[in-house]
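Using full-length UniProt numbering, read the sequence shown as starting at 1 and increasing by one per residue.
Think of the CB as a built atom: it goes at the ideal place given N, C-alpha and C, for glycine as much as any other residue.
Just so it is clear, the structure is predicted and the values come from calculations on it, not from any experiment.
Have a look at the structure below before the remarks.
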Amino acid sequence: MFYQSLISDWNNGNAHFLRGIISELKSRGHDVKLYEQDGNTCIQNLVLEHGQKAVKEFYSFYPDLSTNFYNPLKLNLDSILKEADLVIAHEANDPEMIARIGEVKSKHKFKLLFHVTNHRVVTDKEAIEKYNLSNVDGVLALGDVIKNIFLIEGWAKRAWAWHEAADTRMFYPRSKSYEGDLVWIGNYDEERSVELQEFLINPVKELQLKAKVYGVRFPESVIKAFKDAGIEYGGWLPNFKVPDVFAKFRVTVHIPRRPYVQLLPGIPTIRPFEALACGIPLISAPWSDCENLFSPGKDYLVARTGKQMVLHLAAVLNTSINEALSISGLRAINKKHTCFHRVNELEKICEEIGIDRSRFSSSRQEIYVAK
């Protein structure tokens with residue numbers, strides 16, 4: 001597998017899902033090898049801000065996971081892929097890397113899947129068109145809308161919707177020990193700056209809640225807005241510590257990025273999966289669950305406006321609805337949205353592209369993921 005980073009989740013939400021998928025694959029006896037480019041920006045930013053201790057801490061939480069750093073100029077793809085049955089390459093790899101893997105594929109028997117988890121398919125089509133996917137056996141798309149775009153544009157002959165999901169080895173309910181009312185975990189970008197004001201900052205200020213925000217890349221102006229609303233800013237939070245933080249608060253909110261809301265309906269990204277898996281009541285800003293992943297109003301509440309967010313927060317914090325939301329949301333995750341379910345889907349896809357089921361299930365099976 002070729003991905004941006006396994007170790008660093010500094011502004012790299014895909015690492016959450018990747019860790020869960022690899023853990024599940026390994027538990028089934030698959031031989032999984034992951035490659036990430038040496039000096040990638042995720043690792044650089046993590047080490048720059050938090051030092052090597054952050055890397056060591058990752059391994060203390062995931063002792064069975066490992067990665068292989070490579071220099072693109074020295075990487076011998078022919079050698080490392082000649083025994084592979086499946087290669088998964090993430091779109092964070094540059095077009096040249098995808099092309100190189102495709103060229104090696106012509107010499108060997110492995111199947112190649114291209115994993116797409118970003119909104120560039122609608123916001124930067126030129127970037128996607130730079131990828132030569134002629135040797136790719138199919139696309140793993142973050143949702144139906146991305147899958148359909150790849151097929152309609154003719155970028156791929158086959159594509160499957162492969163949603164993110166909760167890594168329930170790490171994300172499960174912890175014992176509650178409340179220290180505050182609301183927590184929001186997410187990184188800053190201008191794609192939801194207005195929404196942060198409407199659905200987070202203003203409601204917290206109006207209700208005078210004890211709230212905390214974790215994440216990176218927030219400008220001083222936004223941090224000041226947090227402070228003015230009485231919101232504590234906690235900076236970067238390793239994703240493996242998120243479940244313990246959720247247990248300290250009574251509610252969380254989901255504020256999706258604007259491109260997903262307006263252009264990619266049906267894609268919630270990974271944060272709601274993780275929150276619901278931890279049993280914390282969730283209130284979401286608007287997004288269209290057109291793929292029927294959940295039961296809005298039952299698994300979580302939807303606030304169409306900032307005023308409605310205020311009303312929902314007051315209800316969750318002051319009535320018994322919080323327990324019903326917690327139970328229903330957790331049940332939805334365990335029923336169909338864990339990494340166990342996604343690996344089941346991946347194995348079925350492998351059968352469809354011609355990997356023999358008995359060979360795929362063998363402990364000798366090698367799966368490589370590229371990001």
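Close Cβ partners of residue i (< 7 angstroms) along its chain, the five nearest in sequence each way excluded
i: A229; result: I201, V204, K205
i: I7; result: I43, V55, F58, T67
i: I21; result: C339, R342, V343
Reduced DSSP category for residue i - H, G, I as helix; E, B as strand; rest coil
i: A370; result: Its pLDDT being 40, under 50, A370 is placed unreliably by the model, and the measurement read from it follows with that caveat. Of the three classes helix, strand and coil, the one that applies to A370 here is strand, per DSSP.
i: E164; result: coil
i: R277; result: Going by the sequence as given, residue 277 is Ala instead of Arg. A277: helix per DSSP, three-state reduction.
i: Q4; result: coil
i: G180; result: strand
i: L133; result: coil
i: D78; result: helix
i: I283; result: strand
i: P95; result: helix
i: L65; result: coil
i: E191; result: helix
i: F114; result: strand
i: H119; result: coil
i: V213; result: strand
i: L296; result: Correcting the residue type first, residue 296 is Pro in the shown sequence and not Leu. It is a strand residue.
Cutoff 8 angstroms; reference residue i; Cβ partners in own chain excluding five residues on either side
i: R217; result: N11, N187, Y188, D189
i: I185; result: V213, Y214, G215, L237, V242, V245, T252, R271
Cβ neighbours of residue i in the same chain (closer than 6 angstroms, five flanking residues each side left out)
i: I349; result: W160
i: R169; result: S23
i: S362; result: Residue placement at S362 is flagged as unreliable, the pLDDT there being 42, under the threshold of 50; the coordinate-derived value follows with that caveat. Cβ neighbours of S362 beyond the five flanking positions: none.
Delimiting residues of the alpha helix (DSSP H) encompassing residue i
i: G329; result: 321-336
i: S221; result: 220-228
i: E153; result: Run containing E153: none; DSSP gives neither H nor E here.
i: V47; result: 41-50
i: L140; result: No alpha helix (DSSP H) holds L140; the beta strand (DSSP E) holding it covers 138-141.
i: A15; result: 14-27
i: L86; result: L86 -> not in any alpha helix (DSSP H); beta strand (DSSP E) instead, spanning 86-90.
i: R342; result: 339-352
Spatially closest choice to residue i from the options, by CA coordinates
i: G28; options: D356, E347, E351; result: The amino acid at residue 28 is misidentified as Gly; the sequence shows Arg. Per the Cα distances, E347.
i: T305; options: V194, Y214, V316; result: V194
i: Q197; options: S221, E179, K210; result: S221
i: H108; options: V261, S79, I88, V122; result: S79
i: V116; options: T123, K147, A166; result: K147
i: P72; options: A141, D94, L301; result: D94
i: K248; options: K157, P281, N132; result: P281
i: E323; options: L112, G279, W287, Q37; result: G279
Backbone CA spacing between residue i and residue j [nearest angstrom]
i: Q365; j: M1; result: Any reading at Q365 must be qualified, since the residue scores a pLDDT of 40, below 50, and its modelled position is unreliable; no value is offered.
i: R357; j: N40; result: 35 angstroms
i: L182; j: N239; result: 18 angstroms
i: E232; j: Y70; result: 39 angstroms
i: S284; j: V316; result: 13 angstroms
i: I355; j: W162; result: 18 angstroms
i: D64; j: H90; result: 22 angstroms
i: G215; j: A332; result: 26 angstroms
i: E129; j: W155; result: 8 angstroms
i: A141; j: V261; result: 17 angstroms
i: K53; j: G102; result: 37 angstroms
i: F110; j: V139; result: 15 angstroms
i: H50; j: K157; result: 43 angstroms
Extent of the continuous beta strand (DSSP E) run through residue i
i: E129; result: Counting along the chain, E129 falls outside any beta strand (DSSP E), though it belongs to the alpha helix (DSSP H) covering 125-129.
i: Y233; result: 231-233
i: F249; result: 249-254
i: K33; result: 31-37
i: H108; result: Note, H108: premise wrong, no beta strand (DSSP E); not H, not E.
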